[in-house]
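Before any comments, here is the structure.
There are 2 protein chains.
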Amino acid sequence: MTGGTTEGKTRPRGRPRTFDRDAALAVAVRLFWERGYEATSVGELTAAMGIRPASLYAAFGDKKSLFREAVEVYGRSPVGAFVGVALAEEATAYGAFARILREAARVYADPSHPAGCLANSAATNVTEQDAEIAAFLRDVRNAGVASFEERLRQGRAAGELPKDTDTAALASYFAAVVQGLSQRARDGADAQELARVAEFALAAWPGGRD
Amino acid sequence: MTGGTTEGKTRPRGRPRTFDRDAALAVAVRLFWERGYEATSVGELTAAMGIRPASLYAAFGDKKSLFREAVEVYGRSPVGAFVGVALAEEATAYGAFARILREAARVYADPSHPAGCLANSAATNVTEQDAEIAAFLRDVRNAGVASFEERLRQGRAAGELPKDTDTAALASYFAAVVQGLSQRARDGADAQELARVAEFALAAWPGGRD
DNA sequence: ACTCTTCTTGAGCGCTCGCTCAAGAAGAGT
DNA sequence: ACTCTTCTTGAGCGAGCGCTCAAGAAGAGT
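Residue numbers (full-length UniProt numbering), protein chains in the order written: chain R, 1 to 210; chain S, 1 to 210.
What follows is the structure, given as structure tokens:
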């Protein structure tokens with residue numbers, strides 16, 4: 001509410017901003033998360049932020065830059081970061097993916113924010129002129145698949161998976177399940193249903209539960 | 001190429017249409033499949049169909065009606081109907097879902113048409129004024145989940161699944177996997193990768209492969 | 001031949017889109 | 001007090017959106 005969080009040191013010269021940039025960005029995250037990039041207009045954004053278009057453009061550049069910042073903020077938030085945290089914190093590969101699926105089930109269906117994952121659903125339908133936005137999120141998703149595979153290869157090297165496990169395909173499988181959980185959440189599935197889906201998905205773990 | 005396919009009996013009165021309605025509809029299916037509902041403009045549609053806007057509106061009503069017709073056509077095409085066909089034709093529940101996943105892997109990554117499933121990806125991002133279109137496709141998807149569950153309950157009754165199997169959750173699981181396959185295909189995964197994903201997904205079948 | 005019906009053509013409607021600009025306001029620096 | 005810088009305000013730009021209308025064209029019915 002008070003004071004911008006970007007007060008690194010001294011206040012920059014010129015007239016100070018009259019709105020909270022981070023709060024406005026959080027509003028943008030919400031709207032983009034809910035409807036997606038193109039379906040959220042600058043008019044809706046400025047109305048929800050309580051500012052005029054020129055202020056938005058002065059603070060964020062243009063709509064694409066605002067979206068990219070929104071994706072970054074989302075990725076640093078708990079709901080956007082839980083995958084990376086689980087991959088880093090869990091001792092075993094199975095433990096990591098079990099946690100990812102179970103947390104995805106809970107987080108994607110959490111009614112306190114839009115359903116599903118912003119990175120999965122915010123730029124599915126775009127016109128040609130915003131193809132770079134779609135490509136940006138696709139790269140984010142495919143980077144997630146790559147991080148899955150990296151963790152699975154580590155687990156295989158540690159003897160947690162059969163030596164002949166196709167880690168690339170298994171990573172793609174878990175990515176598909178996570179994206180499917182996001183889609184099901186957006187279609188109305190609740191946390192309980194998704195939690196049970198997660199348990200079915202984990203039953204596919206090669207060589208039985210580790 | 002020649003002759004409208006809608007020639008039920010006598011030609012209707014008035015000046016005959018100069019373009020092939022079904023061919024134009026097939027073009028619309030392609031565009032909506034590729035980019036989605038709102039990201040495909042009437043201008044792009046008419047340009048690709050080779051007709052003027054007034055002809056499109058005379059033949060199809062409005063953009064929403066055209067989209068709904070396109071979804072119907074897609075649903076009757078092999079790539080849109082394979083799920084229902086597999087559910088009806090396969091003798092066992094496991095056989096049905098194995099076929100569904102394997103065909104989804106092949107069909108969603110088939111480079112001869114847009115990747116993934118139109119029903120999964122064509123109305124993810126819509127403005128408020130097209131909320132009914134998003135709801136329409138969501139209903140289509142959830143009806144698919146219901147048909148999955150119906151088939152699983154049949155299988156459970158036939159002793160193909162443990163008596164305590166949570167068929168609703170298992171149906172949601174397979175739906176999530178199918179939707180995940182669609183998403184992965186749109187992100188560039190090829191048929192070989194998706195086929196391996198399908199095999200991992202099938203390993204989750206309760207009580208082992210039937 | 002004439003009418004009736006429907007489609008095609010070309011122009012263009014009202015609206016919203018992302019975005020910008022000139023003028024004024026509010027702080028810091030001197 | 002004055003300047004310098006930056007933000008806010010209000011108006012509005014050009015472009016594209018979905019869609020429509022009047023006029024003419026092309027067939028069937030009589």
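From the three backbone atoms N, C-alpha and C, an ideal C-beta is built for every residue, glycine too.
Discussion item. Considering only the alpha carbon of each residue, which of S:E160, S:A191, S:F174 and S:D139 lies closest to residue 249 of chain S?
Written reply: With chain S covering only 1 through 210, there is no way to say anything about residue 249 of chain S.
Worksheet entry | Secondary structure of S:A201, DSSP reduced to three states | helix
Discussion item. Counting only beta-carbon separations shorter than 8 Å, does S:Q154 have a partner in chain R?
Written reply: no
Worksheet entry | Near-chain R residues of the region 127-157 of chain S - C-beta to any C-beta below 7 Å | The residues in question are T127, R138, R141 and N142.
Worksheet item: Which bits of chain S does R:L181 rub up against, with CB to CB less than 7 Å?
Response: A176
Worksheet entry | R:Q129 - containing alpha helix (DSSP H), residue span | First-last for R:Q129: undefined, no H or E at that position.
Item to complete: Compute the distance between the beta-carbons of R:L31 and R:A48, then report whether it is under 8 Å.
Response: Contact: yes.
Fill in: Nearest-angstrom Cβ-Cβ length linking S:V126 and S:E193, presumed shorter than 8 Å
Not confirmed; about 30 Å, so no contact.
Discussion item. Taking 8 Å as the threshold (beta carbon to beta carbon), is R:Y173 in contact with chain S?
Written reply: yes
Worksheet item: Are the C-beta of S:D110 and some C-beta of chain R separated by less than 8 Å?
Response: no
Worksheet item: Comparing the C-beta of R:E38 with each C-beta of chain S, is any distance below 8 Å?
Response: Yes, R:E38 lies at the interface with chain S (some Cβ there is under 8 Å from its Cβ).
Worksheet item: Is the CB-CB distance between R:L181 and S:A93 below 8 Å?
Response: It is not a contact, given that the beta carbons lie outside the stated cut-off.
Item to complete: For R:E90, collect the residues of the same chain with a Cβ closer than 6 Å to its Cβ; drop the 5 residues on either side in sequence, then sort them by chain order.
Response: A96 and R99
Discussion item. Let me confirm a value: S:E72 is counted as buried when at least 16 other C-beta atoms fall within 10 Å, else exposed. Which label applies?
Written reply: exposed
Item to complete: Could you have a look at R:A98 and say whether DSSP puts it in helix, strand or coil?
Response: helix
Worksheet item: Does the beta carbon of S:D190 come closer than 8 Å to any beta carbon on chain R?
Response: Taking a beta-carbon distance threshold of 8 Å, S:D190 does not count as an interface residue toward chain R.
Worksheet entry | Partners in chain R for S:S77, counting only beta-carbon separations shorter than 9 Å | The contacting residues do not exist; S:S77 stays about 21 Å from chain R at best.
Item to complete: Ignore the nearest five residues each way along the sequence and tell me which others in R:G8's own chain have a CB closer than 8 Å to its CB.
Response: Caution is warranted here: a pLDDT of 45 is assigned to R:G8, below 50, making its placement in the model unreliable, and no coordinate value can be reported.
Worksheet item: Residues of chain S with a CB under 7 Å from the CB of R:A169: which are they?
Response: Ordered by position in chain S, the residues that pass the 7 Å Cβ test against R:A169 are E193, R196, V197 and F200.
Worksheet item: Using a Cβ-Cβ distance under 8 Å, would S:R102 count as near chain R?
Response: no
Worksheet item: Does the Cβ of R:R40 have 16 or more other Cβ atoms within 10 Å, making it buried, or fewer, making it exposed?
Response: The residue asked about is misnamed: residue 40 of chain R is Thr in this sequence, not Arg. R:T40 comes out buried.
Worksheet item: Three or more beta-carbon pairs under 8 Å between the region 65-84 of chain S and the region 109-118 of chain S, yes or no?
Response: yes
Discussion item. If I measure Cβ to Cβ from residue 211 of chain R and keep anything under 6 Å in the same chain, skipping five residues before and after, which residues do I get?
Written reply: Residue 211 of chain R is absent from the model: chain R starts at 1 and stops at 210.
Worksheet entry | Euclidean distance between Cα positions of R:L56 and R:V29 | For R:L56 and R:V29, the gap between their C-alpha atoms comes out near 14 Å.
Fill in: Supposed close pair R:E34, R:P114 - CB separation, criterion 8 Å
4 Å
Worksheet item: Helix, strand or coil: which one does DSSP assign to R:F82?
Response: helix
Worksheet entry | is_contact[R:R106, chain S] using C-beta, thresh 8 Å | no
Worksheet item: Using the C-alpha atoms, what's the distance from S:R17 back to R:D130?
Response: Rounded to whole angstroms, R:D130 to S:R17 spans 36 Å at the Cα level.
Worksheet entry | Span of the alpha helix (DSSP H) around R:R52 | Taken as a continuous stretch (DSSP letters only), R:R52 belongs to no alpha helix (DSSP H), as it is neither H nor E.
Worksheet item: According to the neighbour-count rule (16 or more other Cβ atoms, all chains shown, within 10 Å of its Cβ), is S:D190 buried or exposed?
Response: exposed
Discussion item. Considering Cα atoms alone, identify which of S:A204, S:A203 and S:R184 is closest to S:A104.
Written reply: The shortest C-alpha separation from S:A104 is found at S:R184.
Worksheet item: Closer than 8 Å, CB to CB, is S:R52 near chain R or not?
Response: Closer than 8 Å: no.
Worksheet item: Are any of the Cβ atoms in chain S nearer than 8 Å to that of R:T92?
Response: At a cut-off of 8 Å between beta carbons, R:T92 makes no contact with chain S.
Worksheet item: Whose C-alpha, out of S:K64, S:A143, S:G61 and S:R106, is nearest the C-alpha of S:V79?
Response: S:R106
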